[in-house]
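> Please read through the structure below; I'll follow up with questions.
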Amino acid sequence: MLRLISAFGIGLVFGVGILVSGMGNPAKVLNFFDIAGTWDPSLAFVMGGALSVAAIGYRLVFRMGAPVFAAQFSLPTRTELDMKLIGGSAIFGIGWGMSGFCPGGLVPVLGIGLSEPLMTAGAIVVGILTARWIISIGQRHKSAPA
52 MLRLISAFGI
62 GLVFGVGILV
72 SGMGNPAKVL
82 NFFDIAGTWD
92 PSLAFVMGGA
102 LSVAAIGYRL
112 VFRMGAPVFA
122 AQFSLPTRTE
132 LDMKLIGGSA
142 IFGIGWGMSG
152 FCPGGLVPVL
162 GIGLSEPLMT
172 AGAIVVGILT
182 ARWIISIGQR
192 HKSAPA
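Residue numbering for the sequence shown is 52 to 197, as defined by this note's numbering.
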């Protein structure tokens, strides 16, 4: 139960931070990307602040030796860049630039009931399912006898 309460509290703080910072407003996000037009650099400060807090948080957490709700840390071990990572990053950035919503900023505004966040969430789900389908096809071709 403590784990669930902790997850809810962390999610609530994250969601409020997203909304207060303006990252839930697609117009503000799109203006951040519009360097030649109505550029709004304020999100750079939001991202810089988030990066600073995360850097300090990681240093403090790793000093603990183990996470609070698990026996050990679960960290990624792969270090190479592959086409899945590069392609996924490109699609993520293009989608963010086209819609003005990144997944983190999208979740808090879903409850408002506007059509744009709902359509964006639908597109993200379709993208995830399509990626899984493409990956499964690739794995089947790798495991098929030659």
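We treat Cβ as the ideally placed atom computed from N, Cα and C, and that holds for glycine.
Give the straight-line distance between the Cα atoms of VAL67 and PRO159, rounded to the nearest whole angstrom.
Position 16 of the sequence shown, counting from 1, holds the residue named residue 67. Position 108 of the sequence shown, counting from 1, holds the residue named residue 159. Roughly 8 Å between the two C-alpha positions.
> With a cut-off of 8 Å on the beta carbons, I'd call GLY148 and PHE84 a contact; round off their distance for me.
The sequence position of residue 148 within the sequence shown is 97, counting from 1. The sequence position of residue 84 within the sequence shown is 33, counting from 1. So it is a contact: roughly 5 Å between Cβ atoms.
> What would DSSP say about PRO86, mapped onto helix, strand or coil?
Mapped onto the sequence shown, residue 86 falls at position 35. Checking the sequence shown, residue 86 turns out to be Ile, not Pro. DSSP places ILE86 in coil when its eight states are reduced to three.
> In three-state terms, what does DSSP make of SER140?
On the sequence shown, residue 140 is found 89 positions in, with the first residue counted as 1. Of the three classes helix, strand and coil, the one that applies to SER140 here is helix, per DSSP.
> GLY151 and PRO77 - do their beta-carbons sit closer together than 8 Å?
In the sequence shown, the residue the question calls residue 77 occupies position 26. In the sequence shown, the residue the question calls residue 151 occupies position 100. A contact, by the Cβ cut-off of 8 Å.
> Count the C-beta pairs between the stretch 179-190 and the stretch 100-108 that are closer than 8 Å, then say yes if the count reaches three, no if not.
Contact fails: fewer than three Cβ-Cβ distances are below 8 Å.
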